[in-house]
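> When the letters of the sequence shown are read in order and numbered with this note's numbering, they come out as residues 3 to 77. Ideal Cβ placement from N, Cα and C applies to all residues, glycine included. Could you have a look at this structure, given as structure tokens, before my questions?
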Amino acid sequence: MDKNNTRKVRIPPPLPPGHTAGMDEYICDSLFEQAVGLAYRSFADPTDDHIEAVYHRLVLNHQWGAGEDGAVTMH
Numbered sequence: 003m004d005k006n007n008t009r010k011v012r013i014p015p016p017l018p019p020g021h022t023a024g025m026d027e028y029i030c031d032s033l034f035e036q037a038v039g040l041a042y043r044s045f046a047d048p049t050d051d052h053i054e055a056v057y058h059r060l061v062l063n064h065q066w067g068a069g070e071d072g073a074v075t076m077h
């Protein structure tokens, strides 16, 4: 078996951190307020960890264009 791989990979290199489109302060604040509201409606006694987890999911959903679907799904 020939261990020398001479094929060239055609995957472009990733962008360096900080070179992707970001969210402005208004969107971040809106998502955080939405996360607080969802956490208090969904959990009996939400902690900061609950709110932070919901916020991170809302940010991900915002990037995917998914709204708040699945942000407070419990397993």
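#1: What alpha helix (DSSP H) runs, 4 residues minimum, are completely inside the region 29 to 71?
#2: Taking 7 angstroms as the cut-off, decide whether the C-beta atoms of VAL74 and LEU40 are in contact.
#3: Between the C-alpha atoms of SER44 and TRP66, what's the straight-line distance to the nearest angstrom?
#4: Go through its chain and collect everything with a Cβ distance to THR22's Cβ below 6 angstroms, but skip five positions before and after it.
#5: Taking the CB atoms as reference points, tell me whether ALA37 and ILE53 lie closer together than 7 angstroms.
#6: To the nearest angstrom, how far is it from the Cα of ASN63 to the Cα of ASN6?
This is what the structure holds:
#1: 50 to 66
#2: yes
#3: 22 angstroms
#4: Model confidence at THR22 stands at a pLDDT of 49, short of 50, so the residue's coordinates are unreliable; what they give is reported in the following sentence. Same-chain partners within the cutoff: there are none.
#5: yes
#6: 42 angstroms
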